[in-house]
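Enquirer: The numbers in our numbering rise by one with no breaks, and the one at position 300 of the sequence shown is 528.
Cβ atoms here follow ideal geometry from the backbone N, Cα and C, with glycine treated the same way.
If you're wondering where the values come from, they're calculated on a predicted model, not measured in any experiment.
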Amino acid sequence: MAKGEGGEQYSNASLLSKPGNSDSIKLAKRSEQKNRLSVCNKLCYAVGGAPYQITGCALGFFLQIYLLDVAQLDPFYASIILFIGRAWDAVTDPTVGFLVSRSPWTRFGRMLPWIVFSTPLAVLTYFLIWYVPPFEDGKVIWYLVFYCLFQTLQTCFHVPYSALTMFISSEQKERDSATAYRMTVEVLGTVIGTAIQGQIVGMANAPCIPIPGNDTEIRNFTSSLTSIRPDINNTHPVISLDDTKTAYMIASGVICAIYILCAVVLFFGVREKKESCRPRSEPMSFFQGLKVVMGHGPYAKLVMGFLFTSLAFMLLEGNFALFCSYTLGFRNDFQNILLAIMLSATLAIPFWQWFLTRFGKKTAVYVGTSSVVPFMILVVCVKSNLIVSYVVSFAAGVGVAAAFLLPWSMLPDVVDDFQVHNPDSVGHEAIFYSFYVFFTKFASGVSLGISTLSLDFAGYITRGCSQPEEVDLTLKLLVSAAPIALILVGLIIFHSYPINEETRQGNRKLLQEQRDNEADSETDFAELANMV
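1. Would you say Lys501 and Phe395 are within 8 Å of each other, going by their C-beta atoms?
2. For Ala528 and Val344, which I take to be in contact (beta-carbon distance under 8 Å), what is that distance rounded to the nearest angstrom?
3. Roughly how many whole angstroms lie between the Cα atoms of Leu349 and Ile486?
4. Is it buried or exposed, Gly277, if we count other Cβ atoms within 10 angstroms and call 16 or more buried?
5. Rounded to the nearest angstrom, how far is the Cβ of Val626 from that of Ala576, given a contact under 8 Å?
6. Consult DSSP for Gly588 and reduce its assignment to one of helix, strand or coil.
7. Taking the alpha-carbon positions, what's the Val324 to Ile659 distance?
8. Name the DSSP beta bridge partners of Thr731, please?
9. On the DSSP letters alone, give me the boundaries of the alpha helix (DSSP H) that Thr334 sits inside.
10. Quick one, are the C-beta atoms of Gly718 and Phe536 less than 8 Å apart?
11. Just how far apart, CA to CA, sit Tyr389 and Thr380?
12. Keeping to the same chain, check which residues put their C-beta closer than 7 Å to that of Thr690; ignore five residues upstream and five downstream.
13. By the 10 Å Cβ neighbour count, where 16 or more other Cβ atoms means buried, how is Phe378 classified, buried or exposed?
14. Rounded to whole angstroms, what is the Cα-Cα separation between Trp316 and Tyr280?
15. Looking only at its own chain, which residues have a Cβ that is under 6 Å from the Cβ of Leu356, when we skip the five neighbours before and after it?
16. Kindly indicate which residue of Thr320, Ser724, Glu364 and Pro332 has the alpha-carbon position closest to the one of Tyr305.
17. Measuring CB atoms only, is the segment 566-580 touching the segment 610-625, in the sense that at least three cross pairs come out at less than 8 Å?
18. Assuming the contact rule is C-beta atoms closer than 8 Å, Val413 and Tyr554 should be a hit. Round their C-beta distance to whole Å, please.
19. So, are the CB atoms of Phe646 and Val620 less than 8 Å apart?
20. With DSSP run on the structure shown, which of helix, strand or coil describes Asp644?
21. With a threshold of 16 other CB atoms inside 10 Å of the CB of Glu545, please say whether the residue is buried or exposed.
22. At the level of alpha carbons, what is the spacing between Gly692 and Leu706?
23. Given this structure, state the Cα-to-Cα distance separating Arg559 from Val593, to the nearest angstrom.
24. Report all residues from its chain with a CB closer than 7 Å to the CB of Tyr725; omit the five preceding and five following residues, and keep chain order.
25. Lys737: buried (16+ other C-beta within 10 angstroms of its C-beta) or exposed?
26. Taking the alpha-carbon of His524 as reference, which of Val648, Ile309, Tyr273 and Thr347 has the nearest alpha-carbon?
27. Taking the straight line between their C-alpha atoms, what separation do you get for Leu639 and Leu739?
28. Distance, Cα to Cα, Ile308 vs Leu265?
29. Ignore the nearest five residues each way along the sequence and tell me which others in Thr194's own chain have a CB closer than 7 Å to its CB.
30. Once the 5 residues before and after Arg403 are set aside, which same chain residues still bring their CB inside 8 Å of it?
31. Quick check on Asp302: does DSSP put it in helix, strand or coil?
32. Who are the Cβ neighbours of Thr407 in its own chain at under 6 Å, not counting the five residues just before and after it?
33. For Asn547, collect the residues of the same chain with a Cβ closer than 8 Å to its Cβ; drop the 5 residues on either side in sequence, then sort them by chain order.
34. Can you tell me whether Gln733 is buried or exposed, with buried defined as 16 or more other CB within 10 angstroms of its CB?
35. Does DSSP classify Ser598 as helix, strand or coil?
36. Could you pull the start and end residues of the alpha helix (DSSP H) that Ala528 belongs to?
In structure tokens form, the structure reads like this:
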């Protein structure tokens, strides 16, 4: 896919009106073929979405339990880190989106340079998040600084990458297809993140600490120590807290290597199409951008609906490891349960892609998002059983896949709708994508901070073999009742979302007419200039 080919299609198409010009017909057909994305292009584009999901999944599922049980921070300070980190991440999204929208075109495009230059520093800061410093007084500052730095650098990668959807092709069908490839790889990325982090860390899970006064836990703990002490039984390795810390660092190193590899594939496998067919309008200020995007009704409704549904899944993600470890009692199996959810989600992506093309995106949102609700109820109501937990988790993964794919597939339609109603305001795609992420990340920071603080108030015991009943009840609310309520609110908002399939196809035709008219005007101007 060559750079700068965007305007070629339309200028060549205008030559078809001249009879007998067979060379022009061949050239137009060749241009139409070049405008299509190859499978290789789509795959390389899709691979670029994996780093965000791999690191996000590892942080989402494991950072809370890591801060509490490995770094051994007080739950109050852990909640501060999670809240400020997410809130800071939310602030950086519209800021980076604003800066990206004002970036000049380079020989590599406008989006790709951001991705390339942010990757090395993002990898370094991610690795340091999973390192336990050899001092106690500055631990909170250490994790807060590197968590915020990583979120900023990852935003410099992900916001341009998200906006890149609008620049790899001018054809809506090609963008939708590339988005399906991307979502499949991103869900696969969550599987990779869960597998790498979970399996490596799960093999070095340090023994829990019994609650004082609980004779049963003390006897079990003593028996566990006896079985792993080398001077008593040399057939079992010693697993200490230091081993667990090392396992987290090894897992982060593997993920960092994958992050770099994906960035390289994206850079060499994808080319941006220069916006020669539609010149950019004047750059907007930050607050002008906020006013414009939130003033567009369909965008505001999509963002608010996605806000509540994504919050539901973020609450589930952030607390599910603790829920499996303590409420269900599967301390040594929680990483495999998480992996079952992600594998199911990956397998379900092709189904949801077929479903949305068959029944429409709005219908798919309703069916897909609501499908996870029964399993959220079952997981807290059914008596603790490992096999049942695997089955329920695998089934819930189908709904998780819908939550990944469907809202992002709707965003290009909203951008197209905005351009139809505002033909003089173009080149601001990054602002739409950045504010789209801003609201969800800010709210998720609030929710994660509150959920961790709730565990502190409930009496959470660091590395305890069991937790008080109040903690168990809190975890049940955080992974079931609260997410279900948020999903219902999100679905109510989605009900008023105005872009259906008919509107979508109409916008596509109107945009094509606008591009054709602009191309014809440019061709007429060029011919007039040649005559002069």
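Expert: Judging by the given coordinates:
1. Yes, the Cβ-Cβ distance between Lys501 and Phe395 is below 8 Å.
2. Taking 8 Å as the upper bound for CB-CB distance, Ala528 and Val344 are not in contact here, some 33 Å apart.
3. Taking C-alpha positions only, Leu349 is separated from Ile486 by approximately 14 Å.
4. Gly277 should be labelled buried.
5. That pair is a contact at about 4 Å.
6. If DSSP states are grouped into helix, strand and coil, Gly588 belongs with coil.
7. The alpha-carbon of Val324 is positioned some 9 Å away from that of Ile659.
8. DSSP output for Thr731 lists no bridge partner at all.
9. No alpha helix (DSSP H) contains Thr334, which DSSP labels as neither H nor E.
10. Judged by their CB atoms, Gly718 and Phe536 are nearer to each other than the 8 Å cut-off.
11. Tyr389 and Thr380: Cα-Cα distance of roughly 14 Å.
12. These residues qualify, in order along the chain: Leu296, Asp297 and Gln300.
13. Phe378 comes out buried.
14. Whole-angstrom Cα-Cα distance: 17 Å.
15. Closer than 6 Å at Cβ, skipping near neighbours: Phe374.
16. Ranking Thr320, Ser724, Glu364 and Pro332 by Cα distance to Tyr305 puts Glu364 first.
17. Segments in contact, yes.
18. With a Cβ gap of about 33 Å, Val413 and Tyr554 do not count as contacting.
19. Cβ distance not < 8 Å, so Phe646 and Val620 don't count as in contact.
20. In the structure shown, Asp644 falls within a helical segment according to DSSP collapsed to helix, strand and coil.
21. Buried, because 16 or more other Cβ atoms sit within 10 Å of the Cβ of Glu545.
22. Spanning the alpha carbons of Gly692 and Leu706 requires a straight line of approximately 19 Å.
23. One C-alpha to the other measures close to 34 Å.
24. Counting only Cβ-Cβ distances below 7 Å, and skipping sequence neighbours, we find Pro526, Lys529, Leu530, Gly533 and Lys590.
25. So Lys737 counts as exposed.
26. Among Val648, Ile309, Tyr273 and Thr347, the Cα nearest to that of His524 is on Val648.
27. Between Leu639 and Leu739, the C-alpha separation is close to 16 Å.
28. Their backbone Cα atoms lie some 45 Å apart in a straight line.
29. Past the boundaries of the shown model lies residue 194; the chain is included only from 229 to 760, so the question cannot be answered.
30. Taken in chain order, the residues that qualify are Thr393, Met394, Ile396, Ser397 and Pro640.
31. Asp302 falls in the coil class under three-state DSSP.
32. Closer than 6 Å at the Cβ level, and outside the excluded window around Thr407, lie Ser637.
33. Gln292, Ser679, Leu703, Leu706 and Val707, listed in sequence order.
34. Exposed is the call here.
35. Under the three-state reduction of DSSP output, Ser598 falls in the helix class.
36. Note, Ala528: alpha helix (DSSP H), Gly525 to Leu550.
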